[in-house]
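Residue numbers (my numbering): 14 to 774. One structure is given here, and the rest of the page talks about it.
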Ligand code: F6P
């Protein structure tokens with residue numbers, strides 16, 4: 014109750030304020046009314062005085078022709094007053110008093126003055142004034158001869174004290190009513206605020222306190238005046254409980270896991286999680302190893318992108334099967350007749366099964382629905398999604414093809430299937446309807462937007478139902494989980510369990526959890542050791558004419574979500590603002606062409622080339638260019654060399670699920686000598702808070718961040734990098750995979766066939 018007192022006094026203050034305004038307004042109206050009535054009363058007296066004067070003036074004109082004594086005798090008592098009329102007085106044209114009522118003589122001085130004014134102005138004068146006694150109304154009227162000469166003045170005097178008394182009485186009456194209104198308004202306002210806001214908010218605050226301190230299980234208090242607040246507090250409680258239990262689990266895990274997760278540890282853990290006779294199957298659109306024809310011979314390429322970077326080490330550690338689209342032009346000839354091959358080619362660890370799609374299918378499913386529809390739908394980068402019915406048909410068919418390949422590969426055996434990303438949203442539903450016993454997880458590598466953004470998708474219900482075929486749905490961030498549950502809540506008929514972050518659709522439960530994805534150590538990959546690295550760096554610098562002492566790097570697929578134009582502009586602004594860095598600072602952008610059959614991507618690449626040229630033209634010298642834009646596929650060793658030589662890495666995504674380049678760079682900085690500039694809109698910013706966090710749209714701030722990162726105290730730079738390295742080391746890709754498998758193993762087996770198949774029939 015103590016806590017509520019200040020709030021009550023706040024309501025009281027508001028109540029008094031409102032009542033004050035109401036009273037002031039009413040008071041002004043009342044005052045105006047009283048004044049109006051007073052004027053009416055005075056007007057009545059005035060009329061009456063004129064009527065009386067008019068009646069007497071004829072007699073007076075006649076009488077003034079006589080002597081004063083005769084007049085006295087003639088008028089007799091006619092000048093005396095009655096009621097509120099005090100009486101009359103009559104003066105000659107020279108201002109001498111002829112006769113007056115007895116009562117009027119008390120005010121003779123005042124009356125005489127008024128008579129003088131009448132004689133001076135030759136017009137009638139009305140005066141309302143107070144002498145020592147009551148308030149008087151005095152009307153002095155000039156009496157004129159036929160020739161227009163003023164022969165006298167007739168004066169009528171009224172006592173109008175009663176008018177002021179009446180006005181005061183009315184004011185007191187109004188004051189009383191105003192006071193009553195004041196009390197009423199204060200009571201109503203304070204009461205309403207207390208019932209509608211203060212009490213529910215007070216209860217909400219108490220409940221939140223209990224939730225925080227005592228881990229209360231009770232539901233949030235009802236009666237909040239705002240529905241949104243009510244449902245948000247429901248979710249807050251659920252998130253809080255989920256976070257608390259994750260926190261507990263995490264701290265238990267921390268006690269158990271004294272060592273960092275490694276490949277071997279994951280392998281052992283995977284065996285536990287998968288159980289007997291269950292193989293691990295990863296399904297994605299993008300294959301981890303692609304073969305392209307090069308000078309008449311197949312050449313193996315590791316495609317750019319976070320998915321492959323993250324999942325190849327997992328399957329290398331655990332063994333199993335990876336089903337993916339065979340999109341390379343030499344893929345068929347490097348696989349067997351079933352589309353299978355073992356990978357990595359030089360050190361076989363798992364099987365890659367390629368799925369073949371026709372050119373039309375690839376166009377509709379991959380370029381069309383996935384990358385012109387879902388990609389811009391989920392990334393808030395101001396690119397309009399395009400949805401075509403023909404693309405959707407191909408998307409459905411392609412998902413069925415992937416499903417057939419998976420089912421064919423696993424035969425009758427058990428399997429844990431990890432479906433990857435937005436290309437395969439329908440796959441969990443199709444797999445579960447065919448094989449309810451399969452344990453199916455889905456990891457969504459890109460952001461999940463809010464329901465308002467998602468609802469524009471014409472096949473929103475089908476996509477959600479397809480995804481809900483999975484037992485576990487993972488996103489990078491809790492925020493995406495919240496958005497997803499919100500979307501399900503608003504778009505389809507399903508039962509939501511906010512406490513456990515789960516959705517039940519026709520008897521099947523899907524759990525929704527955040528799993529921030531990560532990377533492995535560089536030393537586990539085919540990258541040169543220190544001595545060879547130094548040589549590689551020298552070669553690369555020579556080859557690309559990189560001669561500034563300060564090198565910054567960006568590594569991306571060329572995609573409009575990555576904020577590369579903003580980055581170029583920031584470099585330009587940096588050199589403009591801080592000219593001392595010209596010829597000393599070089600920004601290298603490694604850009605892998607991506608999705609080039611989509612016009613927007615081709616245009617974006619052309620825009621970037623033009624922009625880099627424009628900026629270079631502005632600042633370049635004979636021996637230096639500020640931006641080196643290296644377009645092409647770069648292997649891991651080259652990327653590692655660039656990251657190692659760069660004292661700065663720039664990640665400026667406009668929106669990004671996680672962004673593994675940021676983590677790769679941190680992992681490459683074994684000597685802690687480097688700084689990271691990181692967009693606040695990349696999921697990685699949540700974990701790498703020691704980076705220089707920027708808003709990529711704010712070019713001024715961005716340019717200053719480059720300067721800050723360069724000029725930062727070296728000791729602080731090392732400390733910040735060390736912190737980030739610890740985060741990436743401890744939360745590496747093995748921990749991510751272990752977390753996902755553990756959670757998936759913990760989900761109960763499916764009890765019914767989900768409805769997703771309906772979407773694709
Ligand atoms: O970031 C989303 C994502 O699909 C990743 O999962 C993948 O690494 C990257 O984009 C590459 O895209 P694509 O397969 O279209 O080249």
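No residue lacks a Cβ here, since even glycine has one placed at the ideal position from N, Cα and C.
As assigned by DSSP and simplified to three states, the class of residue i
i           : result
residue 527 : strand
residue 513 : coil
residue 604 : strand
residue 576 : coil
residue 628 : helix
residue 609 : coil
residue 725 : coil
residue 760 : coil
residue 233 : coil
residue 100 : strand
residue 67  : helix
residue 329 : helix
residue 522 : strand
residue 93  : strand
residue 171 : strand
residue 617 : helix
residue 433 : strand
residue 583 : helix
residue 736 : helix
Start-to-end residues for the beta strand (DSSP E) that takes in residue i
i           : result
residue 535 : Premise fails: residue 535 is in no beta strand (DSSP E) and is neither H nor E.
residue 162 : Element bounds for residue 162: n/a, residue is neither H nor E.
residue 707 : 705-707
residue 696 : Looking at the DSSP string, residue 696 is not in any beta strand (DSSP E), and its letter there is neither H nor E.
residue 569 : 563-570
residue 311 : 310-314
residue 294 : 291-297
residue 110 : 110-113
residue 305 : 303-307
Local Cβ density within 10 Å of residue i, reported as buried at 16 or more and exposed below that
i           : result
residue 200 : exposed
residue 702 : exposed
residue 619 : exposed
residue 642 : buried
residue 99  : buried
residue 710 : exposed
residue 697 : buried
residue 638 : buried
residue 734 : buried
residue 564 : buried
residue 648 : exposed
residue 461 : buried
residue 536 : exposed
residue 574 : buried
residue 10  : The structure shown does not extend to residue 10, since the chain is modelled only from 14 to 774, so the question has no answer here.
residue 424 : exposed
residue 552 : exposed
residue 533 : buried
residue 672 : buried
residue 190 : exposed
residue 489 : buried
residue 617 : buried
residue 71  : exposed
residue 8   : Outside the shown range of the chain (14 to 774) lies residue 8, about which nothing can therefore be said.
First and last residue of the uninterrupted alpha helix (DSSP H) at residue i
i           : result
residue 139 : Segment 138-143 is the beta strand (DSSP E) holding residue 139; no alpha helix (DSSP H) there.
residue 84  : 81-88
residue 543 : 543-556
residue 184 : 174-206
residue 287 : 276-287
residue 125 : 121-134
Any non-hydrogen atom of ligand 2 within 7 Å of residue i CB
i           : result
residue 532 : As far as ligands go, the structure on display features ligand 1 and does not contain ligand 2.
Segments assigned beta strand (DSSP E), at least 3 residues, entirely inside the region 635-694: 640-644, 661-664, 688-692
Contained beta strand (DSSP E) runs [length at least 3] in the region 337-371, N- to C-terminal order: 353-356, 363-368
Any alpha helix (DSSP H) of 4 or more consecutive residues that is wholly inside the region 370-427: Fully enclosed alpha helix (DSSP H) runs of 4 or longer: 388-391, 402-423.
Unbroken stretches of the alpha helix (DSSP H), 4 residues or longer, contained in the region 436-492: Counting only runs of 4 or more, we get 440-447, 464-467, 473-480.
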